[in-house]
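J.:
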């Protein structure tokens, strides 16, 4: 069942609301006795569940958390929690012409459900992961002689490539910053994170997903093979809110030779679900503060947190304290702002301001 199909969603909402109405009609029927009372309690609970299902279907349709019931079930049951974590080495950058000419990395990008963005379903040759991707290019692309910077925007969890860019206002903010000369011409790409509905780790897990291989090898090759972009790591940025912040931080810390800049927005220091979180020793070892303390080279890192978003201030400070080169870290602690898209859309322009500061337009 396609949970992102408008007609399917309409059918779910209509059926749920109809059942809710029938439940309330049953409650209003006259009569007494224990059986009647029990029936009314069941009817009330059932009606409330139906309303929640309708609301959930509409929210999922808006933000594309799950594409079908299989993805939802795998996420709820935490399937894929096996094996240990493997750290992989980044590929040499830039890749060789043979890599970029490999037909397995070339795709036809078609109009997507996100206005102004094209999309494709990618199969990673090295990771084996199947993921949807979205891409946005600024006005005038491709401009002769220009190598475009790249921003990878990750969703929270659950989440997919769909809907995150407009939800955070990224295309409009990027175009404005480019027009004002604050940042170089930059393309925006988004990717799935809960591949096949499995819990996001952004790591290679033995017997499970090779998510780190996807983000550090397959995805960059796909972008380079299909778009006119720079090979310089300082022109590549990964951004993510919530669990996407953990993944953005992890990818940047472990692969600064691919992504020279990483933005952690209201994220976590330690993974809180999936195979990385099940064993305390593994959870500590995969904490961003631990990874940062052992990094051989350092990514430019922006940490955005809020005093009213529980835990983000403490986690952001822990990560910053572990970084060896403090000059490459910006800690942005805000007195207001909770945890959600209404907050992140207002914070996103500050990400572009930070990029303009560390990499001034020449």
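Residue numbers (the UniProt record's numbering): 1 to 362. For every residue, glycine included, the Cβ atom is placed at its ideal position computed from N, Cα and C. Here the structure is a predicted model, which is why all the values come from computation and not from measurement.
1. In terms of alpha-carbon separation, which member of 251, 14, 233, 12 lies closest to residue 202?
2. Residue 261: which of 344, 238, 282 sits nearest, CA to CA?
3. Which residue marks the beginning of the alpha helix (DSSP H) containing residue 243, and which one marks its end?
4. Could you tell me which of 175, 190, 298 sits nearest to residue 183, measuring between CA atoms?
5. What are the start and end residues of the beta strand (DSSP E) that includes residue 134?
6. So is residue 233 buried or exposed if we call it buried at 16+ other beta carbons inside 10 Å?
7. Among residues of its own chain, excluding the 5 on either side of residue 323, which ones have a beta-carbon nearer than 6 Å to its beta-carbon?
8. Whose C-beta lies closer than 6 Å to the C-beta of residue 277 among residues of the same chain, with five residues either side of it excluded?
9. Where does residue 123 land, buried or exposed, given buried means 16+ other C-beta within 10 angstroms?
10. Check the C-beta distance from residue 245 over to residue 265 and give it rounded, since I have them as a contact under 8 Å.
11. So residue 226 is in the alpha helix (DSSP H); what residue range does that whole segment cover?
12. On the three-pair Cβ rule with 8 Å, is the stretch 303 to 319 touching the stretch 125 to 133?
13. Near residue 112, what residues of its chain come up, given a Cβ to Cβ distance below 8 Å and the 5 sequence neighbours on each side ignored?
14. Give me the residue from 314, 52, 335, 178 with the minimum Cα distance to residue 353.
15. Could you check where the alpha helix (DSSP H) with residue 346 kicks off and where it finishes?
16. Just the Cα atoms here: how many angstroms apart are residue 337 and residue 343?
17. Could you tell me if residue 139 is buried or exposed, where buried requires 16 or more neighbouring beta carbons within 10 angstroms of its beta carbon?
18. Once you ignore the five residues that flank residue 171 on each side, which residues in its own chain have a CB closer than 8 Å to its CB?
19. Who does residue 334 pair with in a DSSP beta bridge?
20. Do residue 295 and residue 267 have their C-beta atoms within less than 9 Å of each other?
21. Using three-state DSSP, classify residue 257 as helix, strand or coil.
22. Leaving out the 5 sequence neighbours to the left and right, which residues in its chain are closer than 6 Å to residue 214 when beta-carbon positions are compared?
23. Here's a check: name, in chain order, each residue in its chain whose Cβ is nearer than 6 Å to the Cβ of residue 94, leaving out the five neighbours to either side.
24. Using only the alpha-carbon positions, how far apart do residue 153 and residue 216 sit?
25. For residue 215, decide whether its Cβ has a neighbour in chain C, counting only Cβ atoms nearer than 9 Å.
26. For residue 191, report the span of its beta strand (DSSP E) as first-last.
27. Go to residue 288, then tell me how far its alpha helix (DSSP H) extends in each direction, as first and last residue.
28. Quick one: Cα of residue 286 to Cα of residue 302, how far?
29. Going by the CB atoms, is the gap between residue 298 and residue 315 shorter than 9 Å?
30. Give every residue of the same chain whose Cβ lies closer than 6 Å to the Cβ of residue 11, excluding the five residues on either side of it in the sequence, and list them in chain order.
31. Need the endpoints of the beta strand (DSSP E) that residue 120 sits in, please.
T.: Taking the coordinates as given:
1. 251
2. 238
3. 243 to 254
4. 175
5. 130 to 136
6. buried
7. 292, 329
8. 271, 283
9. exposed
10. 5 Å
11. 219 to 226
12. no
13. 118, 119, 134, 162
14. 178
15. 341 to 358
16. 6 Å
17. exposed
18. 116, 117, 136, 165, 188
19. 306
20. no
21. coil
22. 124, 127, 129
23. With a pLDDT of only 45 at residue 94, under 50, the local geometry of the prediction cannot be trusted, and the value read off the model is given with reservation. The answer, listed in chain order, is 231.
24. 14 Å
25. Chain labels in this structure do not include chain C; a single protein chain is all it has.
26. 186 to 191
27. 288 to 293
28. 19 Å
29. no
30. none
31. 118 to 123
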